[in-house]
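Participant:
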Amino acid sequence: MTLDFKEEKVNIYLESNNALERVSELVQTRLVDCGWRDQVRLACRKAITENGNKIPTVDELVTKITPKARSMVPDPVKRELLHELEMVLVNVDKASYNKT
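Residues 1 to 100 in my numbering are what the sequence shown lists, from first letter to last.
#1: Please identify the residue among Leu-61, Leu-85 and Asn-18 whose C-alpha is closest to the C-alpha of Leu-42.
#2: Buried or exposed: which applies to Val-90, given that a residue is buried once 16 or more other Cβ atoms fall within 10 Å of its Cβ?
#3: Between which residues of its own chain and Leu-14 is the CB-CB distance below 6 Å, once the five residues before and five after are set aside?
#4: Decide if Leu-85 is buried, meaning its Cβ has at least 16 other Cβ atoms within 10 Å, or exposed.
#5: Hey, out of Asp-93, Val-92, Lys-78 and Ala-95, whose CA is closest to Val-27's CA?
#6: Using only the alpha-carbon positions, how far apart do Val-73 and Arg-30 sit?
#7: Does the beta-carbon of Val-92 have 16 or more other beta-carbons within 10 angstroms, so that it is buried, or is it exposed?
#8: Is Met-147 helix, strand or coil by DSSP?
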């Protein structure tokens, strides 16, 4: 089985079962619940005020904040996301196994 074929199977499963939407909603909910979103918002405000009179562009702000924002994601949220993605992949395998 080629990598392209496996990728296509995963994409079909994600679309047909709304798995991607469920995982996205889970991540958004967990990040809001743990306060990550507020922390990132504060980091953005701090970065803007540190620039003095020069207002940074969105691209400059994203470049500066992204590494910090990624490091601020709590480990339990990362583990839960990884677990959910593993479950999606297991279900893809089960679905393709049942069809054969």
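Here a beta-carbon is modelled for each residue, glycine too, at the ideal position from N, C-alpha and C. Predicted model only: the values in this text are computed from it and were never measured.
Facilitator: With the given structure in hand:
#1: The residue with the shortest Cα to Cα distance from Leu-42 is Leu-61.
#2: It is exposed - the Cβ of Val-90 has fewer than 16 other Cβ atoms within 10 Å.
#3: These residues qualify, in order along the chain: Leu-20.
#4: By the 10 Å Cβ count, Leu-85 comes out exposed.
#5: Taking each of Asp-93, Val-92, Lys-78 and Ala-95 in turn and checking the Cα distance to Val-27, the smallest one comes out for Lys-78.
#6: Distance between the alpha carbons of Val-73 and Arg-30 is about 10 Å.
#7: Per the 10 Å Cβ criterion, buried.
#8: Because the chain in this structure spans residues 1 to 100, residue 147 falls outside the shown range and cannot be described.
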